[in-house]
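S.K.:
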Amino acid sequence: MRATAEQRFPVRLELNGRSREGLAEPRTQLCDFLRHDLGATGVHVGCEHGVCGACTVLVDGVAVRSCLMLAVQAHERRIETVESLADDDTLNDLQQAFRRHHALQCGFCTAGILMSCVDFLERQPDPSEAEVRDMLSGHLCRCTGYTGIVQAVLEVAAQRQTNEEVQQ
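Written as structure tokens, this is what we have:
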């Protein structure tokens with residue numbers, strides 16, 4: 063049976079640790095479903111072509127451009143948006159470092175950059191400056207020269223390494 067654009071399908075997923083569900087047309091982008099249907103307004107939509115990175119979210123722990131994924135593809139998946147990073151009113155270490163290093167300007171692209179940084183630091187806990195800059199090359203920001211972002215990521219990586227050594 064072929065789906066028509068008017069048909070809506072159930073999409074159940076875990077969003078920022080909570081079970082959520084809604085109905086989506088087959089062509090609905092994940093970013094639009096998260097923002098408009100589930101209220102995750104931290105997901106920003108920029109280019110809608112996967113180039114700018116503003117819509118980046120974590121899907122099962124991996125950074126994904128939510129404008130390139132359909133909502134129906136997220137069925138039974140775990141999605142994390144920038145709203146998942148802070149604990150109530152307390153910013154996480156990465157967000158605090160962004161603040162200290164003035165790594166955000168207008169803030170439009172910041173949510174996507176933060177989510178890419180979360181994934182990146184998970185895979186590369188001790189990055190070089192070049193590796194951070196390479197990761198950031200997938201994001202377009204008109205307001206910053208990226209220096210503050212790089213400094214923030216390197217600071218968090220170093221601090222996490224120090225904390226890990228102390229715990230051992």
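In my numbering, each residue carries its 1-based index in the sequence shown increased by 62. A virtual CB, placed ideally from N, CA and C, is assigned to each residue, including glycine. Since we're looking at a predicted model, the values are computed, not measured.
For Thr152, which of helix, strand or coil comes out of DSSP?
M.R.: If DSSP states are grouped into helix, strand and coil, Thr152 belongs with the strands.
S.K.: Which of helix, strand or coil does DSSP assign to Val144?
M.R.: Correct three-state label for Val144: helix.
S.K.: Determine, using beta carbons only, whether Gly207 and Ala165 come nearer to each other than 7 Å.
M.R.: Not a contact, by the Cβ cut-off of 7 Å.
S.K.: I'd like the list of long-range same chain contacts for Ile175, defined as Cβ closer than 6 Å, with 5 residues on each side in sequence excluded.
M.R.: The residues are His201.
S.K.: Could you please give me the residues that DSSP links to Arg82 through a beta bridge?
M.R.: For Arg82, which the question treats as bridged, DSSP gives the partners Leu75.
S.K.: Pop quiz: His137 and Arg74 are said to be a contact at Cβ under 8 Å. What is the actual Cβ separation, rounded to whole angstroms?
M.R.: Indeed they touch by this definition, with Cβ atoms about 6 Å apart.
S.K.: Roughly how many angstroms lie between the CA atoms of Glu226 and Glu184, to the nearest whole one?
M.R.: For Glu226 and Glu184, the distance between alpha carbons rounds to 13 Å.
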